[in-house]
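For reference, the structure discussed in these notes is given below.
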Amino acid sequence: MPDVMRWRNQDSYPVVSPPCQTTLLYEIGDLIFQSLNGQIYPASAQTDQGSLLRNQALFACRFLGVAAQRSEIGEILPIRVNTRGNHEFIIAAVAVELVLGTRVGAVENAAGAALLDQTVTDVAADNLSIGRVQARALVGDTSVLVRIVSEVMDGGLDPGTCESSSSV
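Numbering (our numbering), first residue to last: 1270 to 1437.
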């Protein structure tokens, strides 16, 4: 997906990441997670955990924030990552109205093999959530305003306690 500045308002509390992986493209607006070794990755780089719920739970546990800078394949530069603030994301099909405070999390691609980098969906539990709806989304809407919360920077979970079948 092309670069899309998803930040809309509120303090973004940006952090500067370690150098990006040279084999990956990081685009503005990508959901970013931090691995156990402290490296950052876009959502689609997370190893498939075998089910949507396990993928969402692991991602939420390691959620750093939203990329505010781009890093091309081959570059080894750090990027700025927003860890808070309101961001407007693509929303997977809205089947019911999403009211204020509805939890949202990462969503898988159609094949169920990887998370999407810039798309969210409503989730049922805090352990799957990366943020909450800040402006209601009606059936048929294609975007949603979300207040993100970085689990890495603001959460209470130790990323080392996240269940995973691999290190990334």
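Cβ atoms here follow ideal geometry from the backbone N, Cα and C, with glycine treated the same way.
- Boundaries of the alpha helix (DSSP H) around Arg1323: Leu1321 to Cys1330.
- Following the DSSP letters along the chain, one finds Asp1423 inside the alpha helix (DSSP H) bounded by residues Glu1420 to Asp1423.
- Between the stretch 1389-1402 and the stretch 1361-1381, the count of C-beta pairs closer than 8 Å reaches three or more; the two stretches touch.
- Separation of Gly1343 and Ala1379 (C-alpha to C-alpha, rounded to the nearest whole angstrom) is 28 Å.
- Residue nearest to Leu1367 within the set Arg1349, Ala1404 and Leu1300 is Ala1404 (criterion: CA-CA distance).
- Nearest Cα to Ser1313 within the set Leu1294, Leu1322, Asn1351 and Tyr1282: Leu1294.
- In this structure, the beta-carbon distance from Val1376 to Leu1385 falls below 8 Å.
- CA-CA distance, Ile1417 to Phe1302, rounds to 13 Å.
- The distance from the Cβ of Ile1360 to that of Ala1406 is about 6 Å, consistent with a contact at the 8 Å cut-off.
- Annotation: the continuous beta strand (DSSP E) that includes Gly1400 extends over Gly1400 to Ala1404.
- It is roughly 16 Å from the alpha-carbon of Phe1358 to the alpha-carbon of Leu1333.
- Distance from the Cα of Cys1289 is smallest, within the candidate group Arg1353, Asp1423 and Ile1309, for Ile1309.
- The Cβ atoms of Val1421 and Arg1331 lie closer than 8 Å to each other.
- In the DSSP assignment, Leu1300 falls within the unbroken beta strand (DSSP E) covering Leu1300 to Gln1303.
- Taking C-beta atoms as the reference points, Pro1287 and Gly1307 count as a pair closer than 8 Å.
- A residue is called buried when at least 16 other Cβ atoms come within 10 angstroms of its Cβ; Ala1362 does not meet this threshold and is exposed.
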